[in-house]
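Colleague:
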Amino acid sequence: MVDKLQQTAIALLKNEPLSKYTFTETGGPADQLAFPKTVSEVKTLLDYAADEQLPVTIIGNASNLIVRDGGIRGLTLILTAMHEITTVGDRVIAQAGARIIDTAEAAYESGLSGLEFAAGIPGSVGGAVFMNAGAYGGEVATVIESVDVITKTGSLHTYQHDELAFAYRHSLVQDTGDTVLAATFKLAHGDKTAIRTEMDQLNALRASKQPLEYPSCGSVFKRPEGYFVGPLIQKAGLQGHILGGAQISTKHAGFIVNINHATATDYMDMIHLIQQTVKAKFDVALEPEVRIIGEEK
Ligand SMILES: Cc1cc2nc3c(=O)[nH]c(=O)nc-3n(C[C@H](O)[C@H](O)[C@H](O)COP(=O)(O)OP(=O)(O)OC[C@H]3O[C@@H](n4cnc5c(N)ncnc54)[C@H](O)[C@@H]3O)c2cc1C
4 MVDKLQQTAI ALLKNEPLSK YTFTETGGPA DQLAFPKTVS EVKTLLDYAA DEQLPVTIIG
64 NASNLIVRDG GIRGLTLILT AMHEITTVGD RVIAQAGARI IDTAEAAYES GLSGLEFAAG
124 IPGSVGGAVF MNAGAYGGEV ATVIESVDVI TKTGSLHTYQ HDELAFAYRH SLVQDTGDTV
184 LAATFKLAHG DKTAIRTEMD QLNALRASKQ PLEYPSCGSV FKRPEGYFVG PLIQKAGLQG
244 HILGGAQIST KHAGFIVNIN HATATDYMDM IHLIQQTVKA KFDVALEPEV RIIGEEK
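For the sequence shown, position 209 (counting from the first letter as 1) is numbered 212 according to my numbering, and the numbering increases by one without interruption.
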C-alpha cells in the first residue's frame, strides 16, 4: 500500500508541526500529514491508513481546534485543498475544505439568502457541518439540505438533513466518525443589496466584539443554559489573566488569545483554571466548545 501511495501524486509530510495550521498557532507535530485534493485521494489515504493500522484524524481549517503539544499519531488529513463551490438554482454545493466564508460569498454573488450569519465564521464547510456552527441567530442546520460523507470503512454515503441529528454545536458526524466530503445548502432567492448589508453589518459587529487581531480558536466554551460565558469569566475576575503566552482576551472574555508564543499546554492550563474558578464561584460547569485532540508532550 505504501507503494500504491507512492505511485500517486499524494505527498505525505512527516513530523509536520500543526502550529503552522491551527488558528491558535499552537500544537505539536502530525506524524504523517496529507492534503488530499479529491475524493479519490481521500479514499486512497483512508485505505493506506487502514492497511498500515494508523489512526486517522480529520482537520478542516483548524479554527476550532487545540492540538496538544505532543501532536497527533498516525495519519492526519487537512481537507482545505478540496475547496470547490458550485451554485445551482437556489442551492450552493461546497466541498468540505471550502471556507464557509467563501460559501457565504458565493451565495451572495448568486443573490441567495440564508448564509449571511456565516460570513465571518473562519471554519471550513466540513468543520461547520461537524460543529453545526452558528452565529447571530443562524446556524448551519437551518440551511443544510444534505451532506456527502465517506464512512470509516471507506464507503460513500449521503445524509439528508433530518438524518443529521443537528443540535447546539452538534451533528451526527461527531458520533459516526464519518468524514464530510461536501454539503448542499438550500437557500432562498433574495435581494443582493440586503444580503451584502447584513453580511457587512454582522462582520462589523464581530470585529467590534471579538479579538480578531490575535490568534485564537473563537469561543472556547459552549454557552451554559441560562448564562453567557464572557460575563461569567469576567465576574470570576479572570479577564486579562495570563498563563505562559496565553491570555483571557481583554476584549471578549470567552476567547483565549495567543499573545506571546503560547503553547497548547498554556491553553489547556487556562481552560482548566477557568473551569475550576467558574465552578467554585457560580457552580456552573463550563464545557469546551473547542475540540481538543492529540497527545500530551
Ligand atoms: C475568530 C473566530 C471566530 C469564530 N466564530 C465562530 C462563530 O461565530 N460560530 C461558530 O459556530 N464558530 C465560530 N468559530 C469556531 C470555528 O470557526 C467553527 O467551529 C468552525 O465550524 C470550525 O471549522 P474548521 O474547519 O475550522 O474545523 P476544525 O477546527 O478543523 O475542526 C473542528 C472539528 O471538526 C472536525 N472536522 C473538520 N472538518 C471535518 C470534516 N470534513 N469531516 C469530519 N470532521 C471534520 C475536526 O475533526 C474537529 O473535531 C470561530 C473561530 C474563530 C477563530
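Every residue gets a Cβ at the ideal spot worked out from N, C-alpha and C, and that includes glycine. All of these numbers come straight from a predicted model, not from anything done at the bench.
So, at 8 Å on beta carbons, what are the nonlocal neighbours of isoleucine 296 in its own chain, with the 5 sequence-adjacent residues on each side left out?
Modeller: Here the set comprises Thr60, Leu68, Ile69, Val70, Arg71 and Ile75.
Colleague: Going by the DSSP bridge assignment, what does histidine 192 pair with across the sheet?
Modeller: DSSP, once it has assigned bridges, lists Leu115 as partnering histidine 192.
Colleague: If we count the other Cβ atoms within 10 Å of its Cβ and call it buried at 16 or more, is glutamine 301 buried or exposed?
Modeller: Outside the displayed span of the chain (4 to 300) sits residue 301, for which this structure offers no information.
Colleague: Quick check: is any heavy atom of ligand 1 less than 8 Å from the C-beta of alanine 138?
Modeller: Yes, Cβ of alanine 138 sits closer than 8 Å to a heavy atom of ligand 1.
Colleague: With 16 as the cutoff for other CB atoms within 10 Å, does glycine 123 come out buried or exposed?
Modeller: It counts as buried.
Colleague: With C-beta atoms as the reference, is lysine 195 less than 9 Å away from aspartate 93?
Modeller: Taking 9 Å as the Cβ cut-off, lysine 195 and aspartate 93 do not qualify as a contacting pair.
Colleague: Taking the beta strand (DSSP E) that serine 149 falls in, what are its first and last residues?
Modeller: Per DSSP, serine 149 belongs to the beta strand (DSSP E) from 147-153.
Colleague: So alanine 207 packs on isoleucine 236, CB below 8 Å; how close in whole Å?
Modeller: At roughly 24 Å, the Cβ-Cβ gap does not stay under 8 Å, so alanine 207 and isoleucine 236 are not in contact.
Colleague: Please give the ranges of any beta strand (DSSP E) in the region 27-66, keeping only runs that are unbroken, at least 3 residues long and fully inside the region.
Modeller: Entirely contained in the region 27-66, the beta strand (DSSP E) runs reaching 3 residues are, in chain order, 32-37 and 59-62.
Colleague: Name the DSSP beta bridge partners of glycine 3, please?
Modeller: Shown here, the chain extends from 4 to 300; a query on residue 3 therefore has no answer.
Colleague: Spatial neighbours of serine 211 within its chain, please: CB distance less than 7 Å, with the 5 preceding and 5 following residues excluded, ordered by chain position.
Modeller: Within the same chain, serine 211 has no close Cβ partners at all.
Colleague: By DSSP's criteria, histidine 160 is part of a beta bridge. Which residues make up the other side?
Modeller: Partner(s): Val152.
Colleague: Among Thr89, Ala99, Val91 and Val95, which has the Cα closest to the Cα of isoleucine 81?
Modeller: Nearest of Thr89, Ala99, Val91 and Val95 to isoleucine 81, Cα basis: Ala99.
Colleague: Just to confirm the assignment, what range does the beta strand (DSSP E) spanning isoleucine 259 have?
Modeller: From DSSP, the beta strand (DSSP E) with isoleucine 259 extends over 259-261.
Colleague: For tyrosine 171, count neighbouring Cβ atoms within 10 angstroms of its own Cβ and tell me buried if that reaches 16, exposed if not.
Modeller: With fewer than 16 other Cβ atoms within 10 Å, it is exposed.
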